[in-house]
Amino acid sequence: MCGIVGYTGGHQAAPILLDGLSRLEYRGYDSAGLAVRNGESLAEVVKATGKLYHLADKTDQGRSLIGTCGIGHTRWATHGDPSVTNAHPHVSGNCTGSGSGAVESDVVGVHNGIIENFAELKEKLLHHGYQFYSDTDTEVVVKLVDYYYKKYKIGPIDAITRTMVRVRGSYALALMFRDYPGEIFAARKDSPLIIGTADEAAYLASDVPAILKYTRQVYYIDNLQAARIAPGSVKFYDLNGDEVSLPLTEITWDAAAAEKGGYEHFMLKEIHEQPTAVRDTLNSLVKDGQIDLSATGLTDDVIGSLTQVDIVACGSAWHVGMAAQYVIEDLVKLPVRVELASEFRYRSIPMPGNTLVIVISQSGETADSLAALRVAKERGATTLAVVNVVGSTIAREADHVLYTLAGPEIAVATTKAYSAQLAALDVLAVQMAFLRGTVSGDQYTHLLEELATIPDKIRRVLEDKERLQWFSSKIVNAHDIFFIGRGLDYAISLEGSLKMKEISYIHSEAYAAGELKHGTISLIENNTLVIGVLTQSQLFEKTVSNMVECKSRGAYLMGITTNGNFAVEDSVNFTVYVPRTDEHFVSSLAVIPLQLLAYYTSVNRGLDVDKPRNLAKSVTVE
Ligand code: G6P
1 MCGIVGYTGG
11 HQAAPILLDG
21 LSRLEYRGYD
31 SAGLAVRNGE
41 SLAEVVKATG
51 KLYHLADKTD
61 QGRSLIGTCG
71 IGHTRWATHG
81 DPSVTNAHPH
91 VSGNCTGSGS
101 GAVESDVVGV
111 HNGIIENFAE
121 LKEKLLHHGY
131 QFYSDTDTEV
141 VVKLVDYYYK
151 KYKIGPIDAI
161 TRTMVRVRGS
171 YALALMFRDY
181 PGEIFAARKD
191 SPLIIGTADE
201 AAYLASDVPA
211 ILKYTRQVYY
221 IDNLQAARIA
231 PGSVKFYDLN
241 GDEVSLPLTE
251 ITWDAAAAEK
261 GGYEHFMLKE
271 IHEQPTAVRD
281 TLNSLVKDGQ
291 IDLSATGLTD
301 DVIGSLTQVD
311 IVACGSAWHV
321 GMAAQYVIED
331 LVKLPVRVEL
341 ASEFRYRSIP
351 MPGNTLVIVI
361 SQSGETADSL
371 AALRVAKERG
381 ATTLAVVNVV
391 GSTIAREADH
401 VLYTLAGPEI
411 AVATTKAYSA
421 QLAALDVLAV
431 QMAFLRGTVS
441 GDQYTHLLEE
451 LATIPDKIRR
461 VLEDKERLQW
471 FSSKIVNAHD
481 IFFIGRGLDY
491 AISLEGSLKM
501 KEISYIHSEA
511 YAAGELKHGT
521 ISLIENNTLV
531 IGVLTQSQLF
541 EKTVSNMVEC
551 KSRGAYLMGI
561 TTNGNFAVED
571 SVNFTVYVPR
581 TDEHFVSSLA
591 VIPLQLLAYY
601 TSVNRGLDVD
611 KPRNLAKSVT
621 VE
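In the working numbering, the protein residues as written are 1 to 622.
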């Protein structure tokens with residue numbers, strides 16, 4: 001949500017900023033803007049609503065904005081509608097109009113996050129003679145920095161730290177000061193921001209892909225820290241304005257990982273990267289036939305003493321938790337609770353004994369998941385983050401971190417990060433079961449052998465994609481789709497339904513198959529598509545019966561089951577088979593056809609697969 005980039009160095013800034021913003025498009029946005037300075041001159045601000053190419057067109061692909069220092073922003077509207085006036089950058093001057101052009105302002109800035117007390121601060125600034133042209137909380141922050149800067153005649157860092165003390169909420173801020181040509185100042189609390197260095201240049205961005213083309217040397221600026229960035233020089237400061245040092249991290253991602261690599265969409269590429277994402281994640285946790293969780297810091301003693309597991313997450317990561325719940329309960333025999341982070345954070349959930357709270361998050365920046373993690377820590381739970389983005393806030397704040405190795409995920413609808421999370425949770429379940437004696441040594445070996453086959457089996461499911469492409473053309477005009485299953489199959493149905501609705505905009509719902517009769521079945525009409533997930537042998541017949549009940553009310557049926565269950569074809573109109581595997585792990589296979597079905601349906605409907613409307617990859621506001 002919102003993307004920030006910054007560059008200062010020897011090259012023209014605007015094309016670099018536009019390129020960086022294009023790599024942050026996945027975060028979701030509805031308008032964009034740039035501010036560029038040429039030496040001592042005033043900052044020139046250009047903004048546009050809609051897709052990034054409007055901004056690129058307005059600036060002749062960045063060429064018409066002269067200057068080697070600048071900041072850029074993609075905005076996902078929170079305060080104020082998506083208009084040119086509300087688009088960032090925002091300026092400190094009392095300008096009329098939209099705050100565009102060569103701006104007579106001492107401070108120009110971009111912001112990601114939400115300033116909760118902006119109304120109160122705006123009142124204060126109005127009282128001091130400031131005028132406002134936009135509805136945004138960002139304009140308030142920029143003007144507040146300007147206010148302290150002038151009132152106390154202090155430097156940019158002191159003005160920024162005073163502002164940080166005064167504002168409530170979350171922010172990643174990048175600011176340019178008229179008196180400091182060639183420099184960018186930044187601050188961060190609870191919104192992502194990284195700073196990259198290179199010879200005679202420096203960069204800042206909300207996420208690594210924006211700057212990976214230029215540098216692999218990055219700093220992860222901490223919460224409540226500020227930074228001063230000049231070509232080849234980066235300095236960090238704490239809230240007192242005292243300089244602090246931060247470690248420089250080398251990004252090891254392959255730059256190609258953040259490119260489409262010949263695929264039509266990032267989502268399709270990421271679907272195909274799942275065998276690798278799962279294999280890499282498994283290989284990082286299983287060595288020489290033994291699970292090794294030492295990198296997470298979770299000791300055998302901690303695992304042995306647990307009395308309860310709570311899993312907290314949002315969106316697809318929550319669906320991973322739902323699936324893991326069944327696996328942990330069955331293998332480890334521990335009570336497991338799965339909660340939506342947005343609910344968990346406001347509930348008074350007791351955490352008796354030794355509770356392990358597992359926060360699952362691809363980005364490691366989801367606001368609700370981060371808040372839930374903090375609540376869990378306050379209540380004395382041991383916390384484990386299962387996170388994909390190295391150095392993200394959730395990863396840094398949790399007691400223990402288990403990194404999934406899915407690589408950068410760009411499409412808003414997650415696929416490979418989801419699969420890597422599922423694999424990570426499966427490994428965790430097996431290790432917990434082994435250490436707590438709920439599976440034998442032989443079962444442990446069998447489970448690990450089965451897990452090791454998953455990447456190749458995913459590859460085999462992907463080979464069947466043309467059938468799903470064909471089937472998707474039949475359902476392209478569907479109004480409603482119902483996904484049903486029991487147990488683990490229900491957890492997979494939840495994910496299949498979310499994938500479908502988020503990128504195809506077809507209404508879909510997932511139901512525990514046994515619940516159908518309690519209301520939902522009244523929604524079944526002639527040709528309503530019902531997709532049953534049927535991978536759990538004990539529950540197979542029950543779900544088939546539920547599907548047949550739908551069919552007798554006119555439904556059209558698709559079934560996903562494991563190879564060999566051919567009898568299902570007697571009841572179901574279209575069947576997809578996935579390879580047989582231990583039933584605890586078969587969800588890793590069953591989800592793949594559902595991802596493909598959603599993908600091809602979105603393509604067939606001519607939609608923006610990678611950037612569905614109104615959605616953001618990383619939801620960094622509540
Ligand atoms: C957004 C994304 C989903 C993701 C969810 C949680 O809604 O579109 O794909 O599952 O956020 O994100 P996280 O980064 O915490 O896994």
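Beta carbons are placed, not taken as given, at the ideal position from N, Cα and C, and that holds for glycine.
In this text the structure is predicted, and so the values were computed from the model without any measurement.
- In the DSSP assignment, S508 falls within the unbroken beta strand (DSSP E) covering H507 to A512.
- As DSSP reads the structure, K501 sits in no beta bridge.
- DSSP places Y214 outside both helix and strand once states are collapsed to three, so it counts as coil.
- Closest option to L18, judged by alpha-carbon separation, among G72, P156 and G67: G72.
- With a contact defined as Cβ atoms closer than 8 Å, G67 and P15 miss out at about 11 Å.
- For the region 560–616, the continuous beta strand (DSSP E) assignments of 3+ residues that do not extend past its boundaries occur at 574–578, in sequence order.
- Closest by C-alpha distance to E365, out of A376, S392 and L607, is S392.
- Restricting attention to S361, T307 and E243, the CA atom closest to the CA of R337 is found in T307.
- For F177, the uninterrupted beta strand (DSSP E) segment begins and ends at Y171 to F177.
- Within the model, the alpha-carbon separation for P335 versus K551 is close to 37 Å.
- With respect to the 8 Å criterion, Y26 and K617 are classified as neighbours on the basis of their beta carbons.
- Here L24 carries a coil assignment [DSSP, helix/strand/coil].
- Selection Y263, L268 and A202 evaluated against A598 yields L268 as nearest (Cα-Cα).
- In this chain, E200 is not harboured by any beta strand (DSSP E), its DSSP state being neither H nor E.
- Q308: member of the beta strand (DSSP E) spanning Q308 to A313, first to last residue.
- Nearest Cα to H128 within the set R23, G304 and S92: S92.
- F566 sits exposed, since fewer than 16 C-beta atoms from the chains shown fall within 10 Å of its C-beta.
- Burial state of K611 is buried, judged by a 10 Å Cβ sphere holding 16 or more other Cβ atoms.
- L248 counts as exposed, since fewer than 16 other beta carbons sit within 10 angstroms of its beta carbon.
- Here the alpha carbon of V461 sits roughly 29 Å from the alpha carbon of V332.
- The distance from the Cβ of S191 to that of T620 is about 5 Å, consistent with a contact at the 8 Å cut-off.
- Inter-residue distance for S545 and Y556 is about 14 Å (C-alpha atoms, whole angstroms).
- Taken in chain order, the complete beta strand (DSSP E) segments of 3 or more residues contained in the region 365–431 are 382–387 and 400–403.
- Residue burial is scored here from C-beta neighbours: P156 has at least 16 other C-beta atoms within 10 angstroms and is therefore classed as buried.
- DSSP, read as helix, strand or coil, puts K333 in coil.
- Counting only residues of its own chain and dropping the five nearest sequence neighbours on each side, D137 has a CB closer than 7 Å to the CB of H79, I114, I115 and F118.
- Taking C-alpha positions only, E541 is separated from S508 by approximately 23 Å.
- Taking 8 Å as the cut-off, the Cβ atoms of A406 and K416 count as close.
- With fewer than 16 other CB atoms across the displayed protein chains lying within 10 angstroms of its CB, W470 is exposed.
- Inter-residue distance for P181 and G39 is about 6 Å (C-alpha atoms, whole angstroms).
- With contacts defined as CB atoms closer than 8 Å, S419 and I394 fail to qualify as a contacting pair.
- Beyond the five residues adjoining it in sequence on each side, N527 comes within less than 6 Å, by CB distance, of Y556 in the same chain, given in chain order.
- Distances from the CB of G315 to the heavy atoms of ligand 1 include at least one below 7 Å.
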